[in-house]
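Numbering (the numbering used here), first residue to last: -3 to 494.
For every residue, glycine included, the Cβ atom is placed at its ideal position computed from N, Cα and C.
Have a look at the structure below before the remarks.
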């Protein structure tokens, strides 16, 4: 496969070509910095530079699997490495309409912002516009829930959210064709002509080596050849390390272009998810299939981050407060690990071995996550305790899985916690105590007292150790209160605590 150091894409419909080697552009340059410094697109704002505020929100569009339609997604320009633009259409708020004082020439989302008085200082407005624009272009029904979800990654500190939500509702409930729908076929032809799937990116410049393979065998071969390379997919962690901790990444293996890692299959017994499938797609596909996962992903970071972040990356980071790992472990999820010579399937609970430590070898990649669906008579719930419901890191997270017989005797009980130890762990003593006992207030209260002493959490900026222990015990009590009157065959989902 031929290597190249050049990317081609469209910026607001206009063709752009960047040769990183000849132009001496560092591959880990963020889209935000390139837009503002090189292209003078100052409508894309830098607020936090860590994916929290949404002021830098832009939209990426690329052909779907059929090749006949563009898929639009809002992303944080501050977290996106420049080479990811290859073969895509990048849209900023400047590209939605001509520069004009005539409100009738504005894009419908821009017009709604103006007519509903949904802006004051204007710093956050371009980001809100682009989040609304991405939803405007999607096939998702823009109801109240989806509008709120789409805007959770955008912060405003002066206008107030009521007028912004109203503007979104006005624009998104009256959707009609726009310039982008009219030019869709033209954009697809342009992108197809400029993108070369038979080659891959291999860039060495500014003391940095960046590789972006387009198929799994090549990705595994590069992983073997460059074992010390930092593997990225959504780059949400590494872009943050670069912007906030000034880390210099010498070698980067970007697997975001490997389509073999982007799939979702459900056979009624198991869900199989490609490690490179973005979290937002998983969120949408698990609704009414595995509701606890759907709902925890609905409050996982923001839509901009979920559009690029992956389940494989979230698991591979081995964060002690990873929101997905308690639930996945409670459901007996397994992960598939591959290298050039072999493939291994391992239970997730055995994969994470310590604080940000895993069993993954330097020549291996996570390729798949398999989640057994809970039985009809099992009760599974997920809880998240945080200062804010949206866009916040968990203080404590917990997943409970319960099965009782018709006499309310516990035949199976599992509890996994995040934020209580150096990595996600099971409350083994508490689980053992409850097995074989009646699912009643007396036994659960005794188990909660035991649970409060089972872990030795730390105190940090988010919370004290005492609160974490009390919160964990409280979540068990809450789980009991929500399941004590349930019928034998009731189904359960997930609950959140703000």
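- Across the structure, residue 238 and residue 306 are spaced so that their CA atoms are roughly 19 Å apart.
- DSSP places residue 88 in the coil class of the three-state scheme, outside both helix and strand.
- Put simply, the stretch 231 to 247 does not touch the stretch 269 to 284. Fewer than three CB pairs are less than 8 Å apart.
- DSSP, reduced to helix, strand and coil, places residue 159 within a helical segment of the structure shown.
- For residue 411, the uninterrupted beta strand (DSSP E) run begins and ends at 406 to 414, by DSSP.
- Judged by beta-carbon spacing, residue 225 lies beyond the 7 Å limit of residue 256, meaning their Cβ atoms are not closer than that value.
- One thing to note: residue 130 has its Cβ within 7 Å of the Cβ of residue 69.
- With a 10 Å radius around the Cβ and a threshold of 16 neighbouring Cβ atoms, residue 102 comes out buried.
- Residue 54 has its alpha-carbon roughly 36 Å from the corresponding atom of residue 418.
- With distances taken between CA atoms, residue 316 lies nearest to 413 out of 250, 359, 413, 49.
- The Cβ-Cβ distance between residue 77 and residue 231 falls below 7 Å.
- Residue 165 sits in a helix when the DSSP states are folded into three classes.
- Going by DSSP, residue 268 is part of the beta strand (DSSP E) stretching over 266 to 270.
- Rounded to the nearest whole angstrom, the C-alpha separation of residue 396 and residue 480 is 14 Å.
- If you check the CB distance, residue 328 and residue 296 do not come in under 7 Å.
- Going by beta carbons, residue 39 and residue 89 fall inside the 7 Å limit.
- For residue 374, the beta-bridge partners assigned by DSSP are 399.
- Using a Cβ distance threshold of 7 Å, residue 251 and residue 215 count as a contacting pair.
- Remark: three or more beta-carbon pairs, one from each stretch, lie closer than 8 Å, so the stretch 22 to 42 and the stretch 196 to 204 are flagged as touching.
- Ranked by how close their Cα comes to the Cα of residue 304, the residues 371, 228, 363 have 228 in first place.
- DSSP places residue 53 in no alpha helix (DSSP H) but in the uninterrupted beta strand (DSSP E) bounded by 53 to 59.
- For residue 258, the CB contacts under 7 Å within the same chain, skipping 5 residues up- and downstream, are 270, 272, 273 in chain order.
- When only Cα atoms are considered, residue 341 and residue 330 end up about 7 Å apart.
- Taking all protein chains in view, the Cβ of residue 135 is surrounded by fewer than 16 other Cβ atoms within 10 Å, so the residue is classified as exposed.
- Note that the C-beta distance between residue 333 and residue 360 is below 7 Å.
- In the structure shown, residue 352 adopts coil according to DSSP, grouped into three states.
- Counting every other CB atom within 10 Å of its CB across the protein chains shown gives residue 221 a total below 16, marking it as exposed.
- The Cβ neighbour count for residue 314, taken over all protein chains shown within 10 Å, is at least 16; the residue is labelled buried.
- Measuring C-alpha to C-alpha distances from residue 423 to each of 336, 45, 468, 406 identifies 468 as the nearest.
- The C-alpha of residue 348 is placed about 34 Å away from the C-alpha of residue 52.
- The criterion of a C-beta distance shorter than 7 Å is satisfied by residue 7 and residue 86.
- Straight across, the Cα-Cα distance linking residue 29 with residue 382 is about 32 Å.
- Contact annotation: residue 406 and residue 425 have beta-carbon atoms that are not nearer than 7 Å.
- Nearest in C-alpha terms to residue 335, of all of 363, 115, 354, is 363.
- If you look at residue 334, you'll find it in the beta strand (DSSP E) that goes 330 to 334.
- Going by beta carbons, residue 116 and residue 154 fall inside the 7 Å limit.
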